[in-house]
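Visitor: The C-terminal residue of the sequence shown carries number 388 in the numbering used here, and the numbering is unbroken.
Backbone N, C-alpha and C define an ideal beta-carbon position, used for all residues, glycine too.
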Amino acid sequence: MKHLFFLLGALALVSACAAQQVRESPGAPPPAVSDRDDVMRIHFIDIGQGLGVLLEFPCAAMLIDTGGEQDDAFDSDKALVSYLDGFFARRKDLNRTLALVALTHPHIDHTRGVAAVISHFAVQNAIDNGMTQGSGGAGQGELQQFARDHAETTHYRAVHLEDIADPHGLTDAIIDPIRCPNIDPQIHALWGQVAGDPGWPGMRFGKTPFQNANNHSVVLRVDFGKSSALFTGDLEEPAIRDLLKRSAGTDVLNVDVYQVGHHGSINGTLPELVAAMSPEIAVFSMGPASRQLTWSAWKFGHPRKEIVDMLEAGMTRRRPEIDVPVGLAGEKFRPQRIQKALYGTAWDGSVVVEATADGRMKVVTAKAQ
Ligand SMILES: [Zn+2]
20 MKHLFFLLGA LALVSACAAQ QVRESPGAPP PAVSDRDDVM RIHFIDIGQG LGVLLEFPCA
80 AMLIDTGGEQ DDAFDSDKAL VSYLDGFFAR RKDLNRTLAL VALTHPHIDH TRGVAAVISH
140 FAVQNAIDNG MTQGSGGAGQ GELQQFARDH AETTHYRAVH LEDIADPHGL TDAIIDPIRC
200 PNIDPQIHAL WGQVAGDPGW PGMRFGKTPF QNANNHSVVL RVDFGKSSAL FTGDLEEPAI
260 RDLLKRSAGT DVLNVDVYQV GHHGSINGTL PELVAAMSPE IAVFSMGPAS RQLTWSAWKF
320 GHPRKEIVDM LEAGMTRRRP EIDVPVGLAG EKFRPQRIQK ALYGTAWDGS VVVEATADGR
380 MKVVTAKAQ
């Protein structure tokens, strides 16, 4: 009998492991964070290939993009809702309310979770770039419709580049609805929908850069005292060059934390941008190279070695060393040792940057190194 039980137990273990390989358990609970209530926490949530960032302040929370990857191996909606459930269980004072949901652009890896978010949590303000075309256009349209249907409780604004006259960015009560009593976070939009084709050269996949929604990404800078972060969505090279021109002579791009643009794609970061930012910490939001599926980080080769090298060269802060696959091209990776403070949701699970008002940073990751 003993042998039979052993055999059954072993079989159960084998099948449990097999199930885990097929479907990762999404929505790992928020990594252990300190009990400080005077900090900003930037949660880069592991939503697979895509972007979903929760910003936690002493008196409120906001979300930038809603993920993510949806395939036989990963369910980003589950991961996102589960993470937010865990977060709001810790921050009961926030009453499951997001002061702001910001969508960078209408691609599905950024807007997939809109329906899940608005059905599970209260949303007081919403911004996007106003577009409803593209693989994630329906998601942006859904958020816009939700705001129209709930105009009393949810305020909406489309961010257009032509409204951003000040190089330090655009802000108002919808873009920055958060007013914390001691340290008041500042939220500014630096980029948005571009009205007319600036004549950006280069065609890709039969589209001009102007026809690519990535170049209309809402770019946000968030300040919390002396700590700051930049979120460029999937902004690509021609738009980044224009953003750099607009910002020349200011320190508006000089930030501590960088959401590495376009998941570490070859066209999402420039050396001039790294120089302008001189970031202390940079975080890639991407799926793992091990999920070899049609619509994955593996397929796109994210993050690219050139971008990893560029950031390693431009940063000084270090992290516990980690050996990770970096992309040489789509579907082609090689191992590399990371030494600088570069983190990735595919490498580290969800990543939380805790920033104090006097500019000190700490990083907590879901997977211990
Ligand atoms: Zn994307």
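In terms of alpha-carbon separation, which member of 133, 168, 172 and 167 lies closest to residue 158?
Guide: Among 133, 168, 172 and 167, the Cα nearest to that of residue 158 belongs to 133.
Visitor: Should residue 164 be labelled buried (16 or more other beta-carbon atoms within 10 Å of its own) or exposed?
Guide: That one is exposed.
Visitor: How is residue 144 classed by DSSP in three states: helix, strand or coil?
Guide: Here residue 144 sits in strand by DSSP.
Visitor: By DSSP's criteria, residue 363 is part of a beta bridge. Which residues make up the other side?
Guide: 303.
Visitor: Rounded to whole angstroms, what's the CA-CA distance from residue 156 to residue 59? Just pull it up for me.
Guide: The alpha-carbon atoms of residue 156 and residue 59 are separated by roughly 31 Å.
Visitor: Since residue 209 and residue 238 should fall inside the 8 Å C-beta cutoff, what is the C-beta to C-beta distance between them, to a whole number of angstroms?
Guide: About 4 Å; that satisfies the 8 Å criterion.
Visitor: Closest by CA to residue 86, which one among 79, 76, 102 and 77?
Guide: Ranking 79, 76, 102 and 77 by Cα distance to residue 86 puts 102 first.
Visitor: Going by DSSP in three states, residue 131 sits in which element: helix, strand or coil?
Guide: Three-state DSSP puts residue 131 in coil, outside helix and strand.
Visitor: How many angstroms separate the CA atom of residue 42 from the CA atom of residue 290?
Guide: Confidence at residue 42 is low in this model, with a pLDDT of 44, below 50, so the placement of that residue should be treated as unreliable; the coordinate-derived value is given next. Whole-angstrom Cα-Cα distance: 38 Å.
Visitor: So what does DSSP say about residue 61, is it helix, strand or coil?
Guide: Strand.
Visitor: List in chain order the residues whose CB is within less than 7 Å of at least one heavy atom of ligand 1.
Guide: Working through the chain, the matches are 69, 70, 126, 128, 129, 253, 281 and 282.
Visitor: Check residue 389 in the structure and name its three-state DSSP category.
Guide: The requested residue 389 is not part of the displayed model; the chain covers only 20 to 388.
Visitor: Check whether the segment 215-233 and the segment 192-203 are in contact - that is, three or more C-beta pairs closer than 8 Å.
Guide: The answer is no - the segment 192-203 does not touch the segment 215-233, with fewer than three Cβ pairs under 8 Å.
Visitor: Using alpha carbons as the reference points, say which of 232, 376 and 98 lies closest to residue 248.
Guide: Of 232, 376 and 98, the residue nearest in Cα terms is 376.
Visitor: Can you tell me the Cα-Cα spacing of residue 142 and residue 179, whole angstroms?
Guide: Near 21 Å, if we compare the C-alpha coordinates of residue 179 and residue 142.
Visitor: Assign residue 282 to one of three DSSP states: helix, strand, or coil.
Guide: Three-state result, residue 282: helix.
Visitor: How would you write the range of the beta strand (DSSP E) that residue 95 sits in, first residue to last?
Guide: Unbroken run through residue 95 is the alpha helix (DSSP H), 95-109; no beta strand (DSSP E).
Visitor: Look up residue 74 in the DSSP assignment and say whether it is helix, strand or coil.
Guide: Three-state DSSP puts residue 74 in a strand.
Visitor: To the nearest angstrom, how far is the alpha carbon of residue 196 from that of residue 183?
Guide: Their Cα atoms are separated by approximately 18 Å.
Visitor: Do residue 69 and residue 95 have their CB atoms nearer than 8 Å?
Guide: Contact: yes.
Visitor: Can you list, in chain order, the residues of its chain with a C-beta nearer than 6 Å to that of residue 18? Leave out the 5 residues immediately preceding and following it.
Guide: With the chain represented from 20 up to 388, any question about residue 18 goes unanswered, as that position is not in the structure.
Visitor: Where does residue 38 land, buried or exposed, given buried means 16+ other C-beta within 10 angstroms?
Guide: Since pLDDT at residue 38 reaches only 36, below the 50 mark, its modelled position is unreliable, and the value read off the structure follows with that caveat. By the 10 Å Cβ count, residue 38 comes out exposed.
Visitor: Which residue marks the beginning of the alpha helix (DSSP H) containing residue 167, and which one marks its end?
Guide: Start and end: 156-168.
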